[in-house]
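For the sequence shown, the positions run 107 to 272 when the numbering used here is used.
Glycine included, every Cβ here is placed at the ideal spot set by N, Cα and C.
Presented below is the structure to which this report refers.
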Amino acid sequence: MKERLKMIFDRIDIFVVCIVIGLCFCIVEAFLGIWNMFADCFFITFLATECCYILRCKEKLQIELIETKEKLKEAEKNANDNLLQLHQYSRYASLVCQYRNLWREKCRLAEAKVLYCKRKLTTSGLLEHMRIREENIADIEKCIQRNIVDFEKCIQRKKMTNTIKA
Numbered sequence: 107m108k109e110r111l112k113m114i115f116d117r118i119d120i121f122v123v124c125i126v127i128g129l130c131f132c133i134v135e136a137f138l139g140i141w142n143m144f145a146d147c148f149f150i151t152f153l154a155t156e157c158c159y160i161l162r163c164k165e166k167l168q169i170e171l172i173e174t175k176e177k178l179k180e181a182e183k184n185a186n187d188n189l190l191q192l193h194q195y196s197r198y199a200s201l202v203c204q205y206r207n208l209w210r211e212k213c214r215l216a217e218a219k220v221l222y223c224k225r226k227l228t229t230s231g232l233l234e235h236m237r238i239r240e241e242n243i244a245d246i247e248k249c250i251q252r253n254i255v256d257f258e259k260c261i262q263r264k265k266m267t268n269t270i271k272a
């Protein structure tokens with residue numbers, strides 16, 4: 107609303123200046139005795155007003171465009187930072203999920219041992235259960251090691267970008 111009022115007042119200012127110039131032309135015409143040019147002078151004044159207003163608006167729009175481009179660059183930079191941070195959090199969440207899965211497998215292995223102690227599981231069943239669970243635990247630990255390396259690389263990249271900014 108404030109910008110619209112400024113544009114209206116700019117238009118009024120330009121119009122007033124052009125009217126004053128047009129009146130000066132009319133006075134000159136009156137001294138010269140050319141009264142039939144009065145209507146032409148009015149149209150010339152009106153066209154000059156519109157041209158001046160358009161040029162003024164063009165200048166303001168160019169200034170706004172420059173400011174908007176600067177804001178866009180800043181927003182893109184912030185978006186890249188946020189994307190990097192989101193990537194880091196997703197790596198962290200993946201690591202947490204892997205640790206949860208590791209804990210579950212270890213609990214299942216312990217449950218199998220308890221079932222064997224309660225004589226609800228045979229020796230061959232226990233050995234099969236232990237083999238499967240230990241394979242799963244080994245696979246999960248490999249995934250955890252890979253995720254830890256990726257997570258540390260992500261943290262190093264973030265530190266590098268922060269030192270570059272400073």
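Asked                                                                                                   : Found
CB-CB length for residue 206 against residue 257, believed under 8 Å                                    : The pair is not a contact, with the Cβ atoms about 16 Å apart (cut-off 8 Å).
Cα-Cα separation between residue 236 and residue 242, rounded to whole angstroms                        : 10 Å
Reduced DSSP category for residue 226 - H, G, I as helix; E, B as strand; rest coil                     : coil
Cβ separation of residue 190 and residue 267, assumed to be a contact under 8 Å, to the nearest whole Å : 7 Å
Best match in 253, 212, 252, 151 for proximity to residue 132 [C-alpha to C-alpha]                      : 151
Residue of 212, 194, 158 minimising C-alpha distance to residue 262                                     : 194
Best match in 239, 231, 134, 186 for proximity to residue 215 [C-alpha to C-alpha]                      : 239
Inter-residue Cα distance where the pair is residue 187 and residue 155                                 : 48 Å
Backbone CA spacing between residue 135 and residue 169 [nearest angstrom]                              : 40 Å
Integer Cβ distance of residue 250 from residue 208, believed to fall under 8 Å                         : 7 Å
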